[in-house]
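Chains as they are written, first to last, in our numbering: chain A, 242 to 409; chain B, 3 to 309.
Each residue gets a CB set at the ideal place from its N, CA and C atoms; glycine is no exception.
These numbers come from a predicted model, not from an experiment.
Below: the structure, in structure tokens.
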Amino acid sequence: MEAQRNGWTVLFAGTLDEHTSADALRQTLLEAVKTNPGRRVHLDLSQVSRANSVGILTWFKLLRDLAPSATYINMPVWLVEQFNIGERIRGDIDIESFQAPFYCPEKDTHSIVSLVVERDVPLRDSYADFEISLPGEDGSVFEADFEPEEYLQFLILNHDKLKSQRAQ
Amino acid sequence: MARAQGAGFESAPTHAHSFQGSSLLVTDESELALLGRSIGTVPLAVFVRSSVPELLEKLPEGSSVKHFLALCDGAPDPLELEALFVRLTEEHKKPHLAARHWLGTVGLSAMKSGSTQTAYEIRTFEEKARVLSSLTDAIFNHVEPPHAPSLPASSSVPEVRDMRAFEYARKAVDVADELILNAVFDANPRLRGLCRGHPFVLTKEESVLVTWGLEPHRLAVSVTDPFGTLRFSDVFDQLRANNRPTDITARASAGLGLRMAFQSSSALFMDVDAGKSTQIVALMRIEKTFREFEKMGHSLHFFGGGT
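Written as structure tokens, this is what we have:
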């Protein structure tokens with residue numbers, strides 16, 4: 242996996258696995274923190290296609306050790322799934338937006354769309370009755386291709402923390 | 003061959019089922035009292051209405067249940083049932099069925115003609131990467147994007163792709179990757195305890211066999227190690243709900259890998275010939291939508307091995 246800094250955003254790309262150099266990631270993250278004092282670093286992993294348990298362990302250890310003030314943007318499906326397994330969001334980490342699968346029955350087409358927390362998806366402690374659909378350019382409708390109560394579990398598990406982050 | 007019908011399976015309270023000479027006692031998770039009893043040699047399966055991790059927490063001490071069938075709309079998956087019964091039939095005929103033949107026997111022989119099977123032996127780090135790349139390509143070629151994508155107007159991300167093939171490939175590769183890592187760093191006594199990111203070189207006798215098969219509506223990925231050290235108690239411990247990795251930096255990643263593989267599969271079949279081999283077969287339904295895939299739930303089957 243490679244990391245590229247663009248202002249206070251760090252864009253990651255590739256595969257997060259045993260080949261990932263924690264030192265290289267640490268260096269890029271540190272530069273982003275040092276050159277943007279007082280700003281939250283944006284972590285964009287949307288170009289990371291997948292991760293295995295070795296890479297995920299590397300990633301969380303890195304965040305634990307550096308303890309940056311950071312915000313996930315466009316959090317990819319694999320990372321949402323990881324948080325849904327039970328991992329808690331730790332430290333001064335927020336989530337601005339995350340990716341989710343959508344499906345257009347009319348066109349039989351699948352898409353991954355980034356949803357903004359509190360704009361597209363409210364912070365709740367239950368999504369049992371939550372539904373969301375998006376309009377396509379040509380008038381077609383994309384339906385949520387996930388069970389909200391399950392896929393949005395990471396928001397439920399971290400509800401209090403994310404609420405308090407936003408209250409600050 | 004005759005098909006085991008999911009919709010015909012009655013769940014309440016307990017029913018015995020036979021299929022081509024093999025028997026299975028099936029009960030519902032609400033019948034927890036039964037789950038602690040000894041029931042002789044007939045395997046006991048339980049219909050899972052919550053989830054396997056939650057049910058594992060509720061199992062009474064001494065339970066002999068090692069088959070957990072997820073339900074969708076009140077019925078188990080007929081394809082999974084068929085795989086289960088074929089496996090039970092084979093066990094009846096041949097108690098120590100060679101695990102390496104099992105994917106062909108169970109996972110894919112029932113597949114439609116035209117299904118493809120591919121097998122690789124892995125001995126190094128680099129071979130693992132090549133095999134995972136081949137699996138990705140195979141699924142991309144298998145799951146055709148039906149149409150060019152249409153960009154949702156409100157998307158915050160300008161690049162929107164048709165993600166069906168991509169996501170199923172990712173899930174299957176995740177499963178294979180985690181099972182291979184477990185076969186190398188957990189099953190093999192020589193490498194057990196080493197950092198899982200460490201480059202490995204296996205001897206011919208230690209090599210890990212990876213096989214997969216694809217048919218229109220499902221795929222199967224099998225990973226076999228030549229050690230047979232997996233115990234049901236390990237699986238139980240790693241999957242149970244109260245053992246969720248709320249902070250994975252504070253624990254080894256072995257349990258995380260199995261949990262990731264379980265969550266990405268429709269069913270995991272674990273087949274242990276103690277001291278000889280462990281084969282884990284992940285079946286994945288390739289549903290039209292991911293919502294349907296999730297709705298099917300996740301099943302677990304464990305054969306042989308220690309407790």
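The beta carbon of Y313(A) sits closer than 6 angstroms to the beta carbons of L284 and I336 from its chain, once the five residues preceding and following it are set aside; these are given in chain order.
Secondary-structure assignment with DSSP links F253(A) through a beta bridge to A244(A). The alpha-carbon separation between F229(B) and E128(B) amounts to approximately 22 angstroms.
Against chain A, a Cβ distance below 7 angstroms from F292(B) picks out P342, D386 and F387. By the neighbour-count definition (other C-beta atoms within 10 Å, threshold 16), S405(A) is an exposed residue. When M286(B), E169(B) and F168(B) are compared, the shortest CA-CA separation from A222(B) is found for M286(B). The C-beta distance from V318(A) to I353(A) rounds to 7 angstroms, short enough to meet the 8 angstroms contact threshold.
Assigned with DSSP and collapsed to three states, M286(B) falls in strand.
W214(B) is bridged by DSSP to T120(B) and V223(B). For S374(A), there is no enclosing alpha helix (DSSP H); the enclosing beta strand (DSSP E) covers residues S374 to P376. Here L193(B) carries a coil assignment [DSSP, helix/strand/coil]. Contact fails between the region 274-282 of chain B and the region 53-68 of chain B, because fewer than three Cβ pairs, one in each stretch, are under 8 angstroms apart.
CA-CA distance, E243(A) to N293(A), rounds to 16 angstroms.
DSSP places F238(B) within a helical segment (H, G or I) once states are collapsed to three. Around the beta carbon of D30(B), a 10 Å sphere encloses 16 or more other beta carbons of the protein chains shown; the residue is thus reported as buried. By the rule that beta-carbons nearer than 8 angstroms mark a contact, I326(A) touches chain B. Here DSSP, grouped into helix, strand and coil, assigns L204(B) to coil. With a threshold of 8 angstroms between beta carbons, H351(A) makes contact with chain B. Pairing L137(B) with A174(B) gives a Cβ-Cβ distance under 8 angstroms. In the assembly as shown, Q340(A) is a buried residue. Its beta-carbon has 16 or more other beta-carbons within 10 Å. Beyond the five residues adjoining it in sequence on each side, V362(A) comes within less than 6 angstroms, by CB distance, of L356 in the same chain, given in chain order.
If you draw a 10 Å sphere on the C-beta of C345(A), you find 16 or more other C-beta atoms in it, and that means buried. Neighbours of G259(B) in chain A, taken as residues whose beta carbon is under 9 angstroms from its own, are N293, S294 and V295 in chain order. When the alpha-carbon of L83(B) is set against those of Q240(B), F49(B), R192(B) and A121(B), the nearest one is in F49(B). Sixteen is the threshold: since fewer than 16 other Cβ atoms of the shown chains lie within 10 Å of the Cβ of L271(A), the residue is exposed. D386(A) places its beta carbon less than 8 angstroms from that of T291(B). Taking a beta-carbon distance threshold of 8 angstroms, M262(B) counts as an interface residue toward chain A.
The shortest CA-to-CA distance from L298(A) to any of E180(B), Y170(B), R172(B) and S65(B) is the one to E180(B). Sequence-distant Cβ neighbours of L196(B) in its own chain, meaning closer than 7 angstroms and more than five residues away, are F187. Remark: C-beta atoms of E390(A) and S374(A) do not approach each other more closely than 8 angstroms. Along the region 174-202 of chain B, the positions whose C-beta sits under 9 angstroms from a C-beta of chain A are V175, D176, D179, E180, L183, C197, R198, G199, H200 and P201, read in chain order. In this structure S135(B) is exposed. Its beta-carbon is surrounded by fewer than 16 other beta-carbon atoms within 10 angstroms.
Taking 8 angstroms as the cut-off, the beta carbon of V177(B) is found closer than this to the beta carbon of A263(B). Under the Cβ criterion of 8 angstroms, M165(B) is counted among the residues facing chain A.
Beta-carbon to beta-carbon, L364(A) and I334(A) are separated by about 15 angstroms, too far to satisfy the 8 angstroms threshold.
Residue pairing by DSSP puts Y344(A) in a beta bridge opposite H351(A) and E384(A).
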